[in-house]
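Here it is, written out as structure tokens:
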């Protein structure tokens, strides 16, 4: 269960406050995969960051007794001057892994991300696709209640995309995902429920199809 | 995921950050590493040279080279903790993606790395001192150690305050770097307060760092003492910046994370 109580989030801009959420209260049930929809700039990523505890609401609280992964965005969370392997080790230590677990995570990530020699080279030599592959592989090696995935599935070539999706389908047998995506097919495939963000409002739909319909409605109105 | 207490998480984060900082020091720039370890030796060498040229040999009843080494080890530790703390938030920004990593953790980890490196430098100096037969006897080792601990506390408390301030006003960082050069000359590093003329003594004692340095070399050498050290003044300079720094940090922590 994820509970948002009177959550207000805004960013200050020169034109005044830009609201992402305006006094929203919502309860999201457990054991459900949720797709997050919204036009660009409506705060999908901010919502993910708030759930991952690296962004904070201006008012209200977000409560949950689940564990969340770090938001898997486009290659965030890595230090450029360190090798891929060193970055993986760092994250293992953060999560208090034993030596044995660390070895397993290093091997798994290396294999999954298909980086080859690049695995032992500094991150700054990576392309953005390579970074996302590493980030995604690394997060798959851990067990969270919720994985926060921000468009990561849309990187990589067709084959890697397919592989990621398969790995994710396998993974969501034991964990749940919160997925930001603009790809309706992926959303339908992976998610049960949906959240639509629009103009400071956040609406929860028990069925992802309804959420997609609403989102398309909003898009129509805008154009 | 296994449940961990917040202290266990803190320890895991510290270990991870410490090893990361250390491996970056050792792998990224070889010249940087060289300077880290040779800076103090060069400082001492140059200062001894200047003194010998200007004033000739043997004027004090303590070993001037050891005196310089001790003071510069202490001063460099102080300087590096502050400079590294001020850069800690920006340099580790990418790591705040992991909710376990709080900005202040990066300051603590960087301080630990500086203390570790200082330890290595001390060992180097001890080897050289023993090899060249310098007189290394310490008058009161526990008090010297306490002096170093207080100095570290002073540096951390200033470091936290300046790190938060520097995150929002980056000109502070530049000012501090310039101020450090001034501090080098006004912190009783190559003289003792007693050697100064009376008028200058009362002026220089406003510099808090002088008290820490005087305490350290006052308890190291039999020929020196701590009569100019004002311990209350030292504590004040530890506690006030620490309080202000932590207060400011607590207020702005969330903004530092998501900036």
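Protein chains in written order, with the working numbering: chain A, 18 to 240; chain B, 485 to 743. Every residue gets a Cβ at the ideal spot worked out from N, C-alpha and C, and that includes glycine.
Answer yes or no: does any C-beta atom of chain B fall closer than 8 angstroms to that of residue i?
{"i": "residue 113 of chain A", "result": "yes"}
{"i": "residue 107 of chain A", "result": "yes"}
{"i": "residue 73 of chain A", "result": "yes"}
{"i": "residue 65 of chain A", "result": "no"}
{"i": "residue 96 of chain A", "result": "yes"}
{"i": "residue 147 of chain A", "result": "no"}
{"i": "residue 199 of chain A", "result": "no"}
{"i": "residue 52 of chain A", "result": "no"}
{"i": "residue 77 of chain A", "result": "no"}
{"i": "residue 150 of chain A", "result": "no"}
{"i": "residue 119 of chain A", "result": "no"}
{"i": "residue 46 of chain A", "result": "no"}
{"i": "residue 56 of chain A", "result": "no"}
Are residue i and residue j touching if we call contact CB-CB under 8 angstroms?
{"i": "residue 219 of chain A", "j": "residue 41 of chain A", "result": "yes"}
{"i": "residue 546 of chain B", "j": "residue 705 of chain B", "result": "yes"}
{"i": "residue 648 of chain B", "j": "residue 729 of chain B", "result": "yes"}
{"i": "residue 111 of chain A", "j": "residue 497 of chain B", "result": "yes"}
{"i": "residue 196 of chain A", "j": "residue 53 of chain A", "result": "yes"}
{"i": "residue 113 of chain A", "j": "residue 504 of chain B", "result": "no"}
{"i": "residue 747 of chain B", "j": "residue 557 of chain B", "result": "This structure gives no information on residue 747 of chain B, because the portion of chain B shown stretches from 485 to 743."}
{"i": "residue 510 of chain B", "j": "residue 517 of chain B", "result": "yes"}
{"i": "residue 225 of chain A", "j": "residue 209 of chain A", "result": "yes"}
{"i": "residue 632 of chain B", "j": "residue 700 of chain B", "result": "yes"}
{"i": "residue 616 of chain B", "j": "residue 550 of chain B", "result": "no"}
{"i": "residue 587 of chain B", "j": "residue 737 of chain B", "result": "yes"}
{"i": "residue 532 of chain B", "j": "residue 552 of chain B", "result": "yes"}
{"i": "residue 140 of chain A", "j": "residue 127 of chain A", "result": "no"}
{"i": "residue 115 of chain A", "j": "residue 161 of chain A", "result": "no"}
{"i": "residue 119 of chain A", "j": "residue 106 of chain A", "result": "yes"}
{"i": "residue 623 of chain B", "j": "residue 703 of chain B", "result": "yes"}
{"i": "residue 142 of chain A", "j": "residue 136 of chain A", "result": "no"}
State the DSSP-derived secondary structure class of residue i, mapped to helix, strand or coil.
{"i": "residue 626 of chain B", "result": "helix"}
{"i": "residue 585 of chain B", "result": "coil"}
{"i": "residue 90 of chain A", "result": "coil"}
{"i": "residue 48 of chain A", "result": "coil"}
{"i": "residue 576 of chain B", "result": "coil"}
{"i": "residue 182 of chain A", "result": "helix"}
{"i": "residue 81 of chain A", "result": "strand"}
{"i": "residue 676 of chain B", "result": "coil"}
{"i": "residue 497 of chain B", "result": "helix"}
{"i": "residue 488 of chain B", "result": "coil"}
{"i": "residue 215 of chain A", "result": "strand"}
{"i": "residue 76 of chain A", "result": "strand"}
{"i": "residue 103 of chain A", "result": "helix"}
{"i": "residue 196 of chain A", "result": "strand"}
{"i": "residue 659 of chain B", "result": "helix"}
{"i": "residue 207 of chain A", "result": "helix"}
{"i": "residue 743 of chain B", "result": "coil"}
Can you say whether residue i is buried or exposed, counting buried as having 16 or more other CB atoms within 10 angstroms of its CB?
{"i": "residue 725 of chain B", "result": "buried"}
{"i": "residue 534 of chain B", "result": "exposed"}
{"i": "residue 665 of chain B", "result": "exposed"}
{"i": "residue 651 of chain B", "result": "buried"}
{"i": "residue 679 of chain B", "result": "exposed"}
{"i": "residue 682 of chain B", "result": "exposed"}
{"i": "residue 60 of chain A", "result": "buried"}
{"i": "residue 590 of chain B", "result": "buried"}
{"i": "residue 662 of chain B", "result": "exposed"}
{"i": "residue 568 of chain B", "result": "buried"}
{"i": "residue 629 of chain B", "result": "exposed"}
{"i": "residue 175 of chain A", "result": "exposed"}
{"i": "residue 30 of chain A", "result": "exposed"}
Would you say residue i lies against chain A (beta-carbon separation less than 8 angstroms)?
{"i": "residue 582 of chain B", "result": "yes"}
{"i": "residue 648 of chain B", "result": "no"}
{"i": "residue 686 of chain B", "result": "no"}
{"i": "residue 738 of chain B", "result": "yes"}
{"i": "residue 596 of chain B", "result": "no"}
{"i": "residue 509 of chain B", "result": "no"}
{"i": "residue 578 of chain B", "result": "yes"}
{"i": "residue 651 of chain B", "result": "no"}
Just checking my contact of residue i with residue j at CB under 8 angstroms: how many whole Å lie between their CB atoms?
{"i": "residue 189 of chain A", "j": "residue 50 of chain A", "result": "6 angstroms"}
{"i": "residue 65 of chain A", "j": "residue 165 of chain A", "result": "5 angstroms"}
{"i": "residue 21 of chain A", "j": "residue 77 of chain A", "result": "7 angstroms"}
{"i": "residue 74 of chain A", "j": "residue 167 of chain A", "result": "About 18 angstroms separates the two Cβ atoms, so there is no contact after all."}
{"i": "residue 71 of chain A", "j": "residue 581 of chain B", "result": "6 angstroms"}
{"i": "residue 154 of chain A", "j": "residue 130 of chain A", "result": "4 angstroms"}
{"i": "residue 491 of chain B", "j": "residue 593 of chain B", "result": "Not a contact, Cβ separation roughly 16 angstroms."}
{"i": "residue 740 of chain B", "j": "residue 642 of chain B", "result": "No, residue 740 of chain B and residue 642 of chain B are not in contact; Cβ-Cβ is about 17 angstroms, not under 8 angstroms."}
{"i": "residue 37 of chain A", "j": "residue 217 of chain A", "result": "7 angstroms"}
{"i": "residue 660 of chain B", "j": "residue 646 of chain B", "result": "6 angstroms"}
{"i": "residue 213 of chain A", "j": "residue 231 of chain A", "result": "5 angstroms"}
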